[in-house]
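Colleague: To start, I am sharing the structure in question, which I have written as structure tokens.
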Amino acid sequence: ARQAEAARRAAKALAVALGEAVYRFDRFKSEPAPAKLARAEFVRADGSSAVQAALSRAEALLLGMNLCKDLGNCAPNVCTPSYLAETAAAAARTLGAEAEIFGRDFIQQNMPSFWGVAKGSVQEPKLLEMRYFGAADQSAAPIVLVGKGLTFDSGGISLKPGEAMDEMKYDMSSGGRRALFPILWLAS
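Residue numbering for the sequence shown follows our numbering, starting at 529 and increasing by one per position.
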């Protein structure tokens, strides 16, 4: 049992490390350069089902992480609140989750603090609600996660000094979005 657990943990860690190493954001490149590593093969003597489950979890985690990285790497004029909400909703739906996007009217009427900041932007604010009902035990208490994903122009004022403005786009890679997408992938 200890050997199978060690094999599972090693396989997952290696798979995630390899996946991170081959990640490329080349959406806007006319001639993308593929990663050098094209294939990895895991050979296992025992604990095969545990190792396969770990590899599947690693793959799901990488899909969520890569989506987050892709969104964070998009230029601010591409990753607007609408783009972020629509991309996340589409990803959630492919996993069997429900997704609902709320716009300006809902936010203005129900979320005055959110609206107070968002009205300073030319971009329409969006609120995305994702729901996944895939628990093995349908009678179990629900797990609720809340996170936020910001885009570059959220309407607020920048308190960053001028020399830090080039890093502002990475504010889009906020903890909420970077955590919730991979969690949704793993849950499905």
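Glycine included, each C-beta is placed from N, C-alpha and C at the ideal position.
Going by other Cβ atoms of all chains shown within 10 Å of its Cβ, with 16 needed for buried, is G648 buried or exposed?
Modeller: Residue 648 sits at position 120 when you count from the first residue of the sequence shown. The residue is exposed, with fewer than 16 neighbouring Cβ atoms inside 10 Å.
Colleague: Give, in chain order, every unbroken run of the beta strand (DSSP E) that is at least 3 residues long and sits entirely within the stretch 638-677.
Modeller: If only uninterrupted beta strand (DSSP E) runs of at least 3 residues are considered, those enclosed by the stretch 638-677 are 655-659.
Colleague: Going by beta-carbon coordinates alone, are I490 and L655 separated by less than 8 Å?
Modeller: Here the chain comprises residues numbered 529 to 716, so residue 490 is not present and cannot be evaluated.
Colleague: Please report the residue range of the alpha helix (DSSP H) in which A618 lies.
Modeller: Locating residue 618 in the sequence shown gives position 90, counting from the first residue. That run of the alpha helix (DSSP H) goes P609 to T622.
Colleague: I'd like the span of the beta strand (DSSP E) that includes E628, first residue to last.
Modeller: As a working mapping, residue 628 is identified with position 100 in the sequence shown. Where E628 is concerned, the enclosing beta strand (DSSP E) stretches over E626 to F630.
Colleague: Taking Y660 as the reference, which of P653, P604 and I671 has the closest Cα?
Modeller: The sequence position of residue 660 within the sequence shown is 132, counting from 1. Among P653, P604 and I671, the Cα nearest to that of Y660 belongs to I671.
Colleague: Using the Cα positions of V571 and P640, report the straight-line distance between them to the nearest angstrom.
Modeller: For the purposes of this step, residue 571 is taken as residue 43 along the sequence shown, with counting starting at 1. For the purposes of this step, residue 640 is taken as residue 112 along the sequence shown, with counting starting at 1. Each residue's Cα considered, the two are about 56 Å apart.
Colleague: Based on Cα-Cα distance, which residue from L589, R552 and R530 lies nearest to L542?
Modeller: Residue numbering aside, residue 542 sits at position 14 when the sequence shown is read from its first letter. Nearest option by C-alpha distance: L589.
Colleague: Can you name, in chain order, every residue of its own chain whose Cβ lies under 7 Å from the Cβ of T615, other than the five neighbours on each side?
Modeller: Locating residue 615 in the sequence shown gives position 87, where the first residue counts as 1. For T615, where only same-chain residues beyond five positions count, the Cβ hits under 7 Å are L599.
Colleague: Is the beta carbon of V579 closer than 8 Å to that of L565?
Modeller: Taking the first residue of the sequence shown as position 1, residue 565 is located at position 37. Taking the first residue of the sequence shown as position 1, residue 579 is located at position 51. No, Cβ-Cβ distance for L565 and V579 is not below 8 Å.
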